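Scroll down for the structure; my scribbles are underneath it.
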Amino acid sequence: MTGILDSFGRSINYLRISVTDRCNLRCLYCMPPEGVPQMPHSEILSYEEIRTVVRAAAELGINRIRLTGGEPLVRAELPKLIKMLSQMEGIEELSLTTNGTVLKKYALELKQAGLSRVNVSLDTLKPDKFRYITRLGELKTVLEDIEAAKEAGFEPVKINTVVMRGMNDDEILDFAKMTYKEECHVRFIELMPFKGAAEFVPSIELRQHISLLGKLEPCESITGNGPATYYRLAGAKGAIGFISPLTETSFCSRCNRMRLTPDGKLRPCLLGEDEVDLKTPLRNNASMEELKSLILKAVASKPEHHHLEGGNIRVVNRKMSQIGG
Ligand code: SAM
Ligand code: SF4
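Under our numbering, residue 380 is the last one in the sequence shown; the count climbs by one each step, no gaps.
As structure tokens, then:
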């Protein structure tokens, strides 16, 4: 078995790395309209520093990496980092979560650099609503960029849709129908109360609603790396996933991940406030063994579960864009 065993018997084999806190959108559930105060560039880990952390993590058994942000593709020369990580011994999968606004420009380069998979965030199929939710984005660009990603060989592209009551829950069937036409996977995410800007919709309600299209058959062959549970509509090429941090009791018991913030803090739980500082030791020339023991310390402090059950609002010390969702 790969991975690092935590105190509750979970195998941690997945690291999500937020490569920047910057973003070219301002999604209403993630950032205020004016953005958040930016970290100074000097505080953000260099690609070489990220590589050192990943090497230490890989030696301990982490074999899957996802790059996220902020918007990872606004960081200069991201393909350079992809190349550095994709060639590393022990790393079996390297993927990216992006808002899709500049993906077309980089898709081929990312593929050639060794990126395995791409997830694109898309909460609505209506142009005006897209502009309202993202405050700055254009739907047409993202749809074109998804096509460009497929042409570059990233298939299936996974679509991440955060569902907000009264905002985009009227489009659930349209998203679900996308899986009939092509082999894309649509994943509905329960909104987490980072900003309290909208109300989440429980996944069970979405499943019942989608059942109007036909029976949803569990689809165990698609596991991904994460907490989504997948289903398929009869005759559909793609699958429908549900990510239910607020309502699924086994959500945390299946957690296999750690997060690295842009400023080099290892975060055992997205919704907890504990962090282990890796940047200071990295910049003080810590040895590989020292880094590994800090990673083990962070894994050992991973909590058994978060405290969002029932939608309790819990203030966390960072915005989602500063952690990497
Ligand atoms: N900028 C990239 C993007 O939007 O895909 C990567 C970073 S974004 C923080 C990663 C994922 O977190 C996106 O799919 C986004 O929709 C999701 N996200 C952000 N805020 C969220 C919230 N409050 N609840 C649930 N998901 C959230
Ligand atoms: Fe930017 Fe992604 Fe947050 Fe939207 S969800 S503001 S695209 S980081």
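Yeah, the Cβ is synthetic: ideal placement off N, Cα and C, and Gly gets one too.
Since the model is a prediction, treat every value here as computed from it, not as a measurement.
Using the beta-carbon count (16 or more within 10 Å), is residue i buried or exposed?
| i | result |
| --- | --- |
| threonine 216 | buried |
| serine 97 | exposed |
| asparagine 407 | A question about residue 407 goes unanswered here, because the residues of the chain that appear run from 56 up to 380. |
| serine 258 | buried |
| proline 248 | buried |
| phenylalanine 63 | exposed |
| alanine 283 | buried |
| glutamate 103 | exposed |
| leucine 70 | buried |
| glycine 124 | buried |
| threonine 335 | exposed |
Taking only the alpha-carbon atoms, compute the straight-line gap between residue i and residue j and give it to the nearest angstrom.
| i | j | result |
| --- | --- | --- |
| alanine 291 | threonine 179 | 20 Å |
| glycine 192 | alanine 111 | 37 Å |
| leucine 326 | arginine 314 | 11 Å |
| leucine 60 | aspartate 183 | 46 Å |
| glutamate 254 | leucine 246 | 7 Å |
| serine 376 | glutamate 126 | 8 Å |
| proline 211 | serine 171 | 11 Å |
| glutamate 272 | glutamate 237 | 17 Å |
| valine 173 | glycine 145 | 20 Å |
| threonine 57 | lysine 232 | 36 Å |
| asparagine 154 | lysine 195 | 13 Å |
| threonine 107 | glycine 269 | 49 Å |
| leucine 149 | isoleucine 244 | 21 Å |
| arginine 262 | glutamate 275 | 16 Å |
Out of the options, which has the shortest C-alpha to C-alpha gap to residue i?
| i | options | result |
| --- | --- | --- |
| isoleucine 188 | His361, Pro300, Cys85 | Cys85 |
| lysine 213 | Ala289, Asp200, Thr57 | Asp200 |
| histidine 360 | Leu115, Arg262, Cys324 | Cys324 |
| phenylalanine 185 | Asn223, Asp229, Glu330, Lys159 | Asn223 |
| isoleucine 67 | Pro87, Ala113, Met94, Leu83 | Ala113 |
| asparagine 311 | Pro95, Gly116, Leu288 | Gly116 |
Exercise. Only counting runs of 4 or more residues, tell me where the alpha helix (DSSP H) segments fall wholly within the stretch 309-362, in order along the chain.
Key: Counting only runs of 4 or more, we get 334-338, 343-355.
Quiz item: So does the stretch 301-308 actually touch the stretch 74-82, counting three or more Cβ pairs closer than 8 Å?
Solution: No, they do not touch.
Practice problem: Report the residue ranges of all alpha helix (DSSP H) runs contained in full by the stretch 251-313; include only those spanning at least 4 residues, in chain order. | Solution: 258-265
Practice problem: State whether the stretch 195-210 contacts the stretch 146-166, with contact taken as three or more CB pairs (one from each stretch) at a distance under 8 Å. | Solution: Judged by pairs of C-beta atoms under 8 Å, the stretch 195-210 touches the stretch 146-166, as three or more such pairs exist.
Quiz item: Residue ranges of each beta strand (DSSP E) run of no fewer than 3 residues wholly in the stretch 126-197, ordered along the chain?
Solution: 148-153, 172-176
Quiz item: Which ranges would you report for the alpha helix (DSSP H) in the stretch 63-127 if only whole runs of at least 4 residues count?
Solution: 102-115
Quiz item: Does the stretch 343-357 touch the stretch 132-150, meaning 3 or more C-beta pairs lie closer than 8 Å?
Solution: Look at the beta carbons and you see the stretch 132-150 not touching the stretch 343-357: under three pairs across the two are nearer than 8 Å.
Quiz item: Where are the alpha helix (DSSP H) runs, 4 residues long or more, that stay fully inside the stretch 208-254, in chain order?
Solution: 227-236
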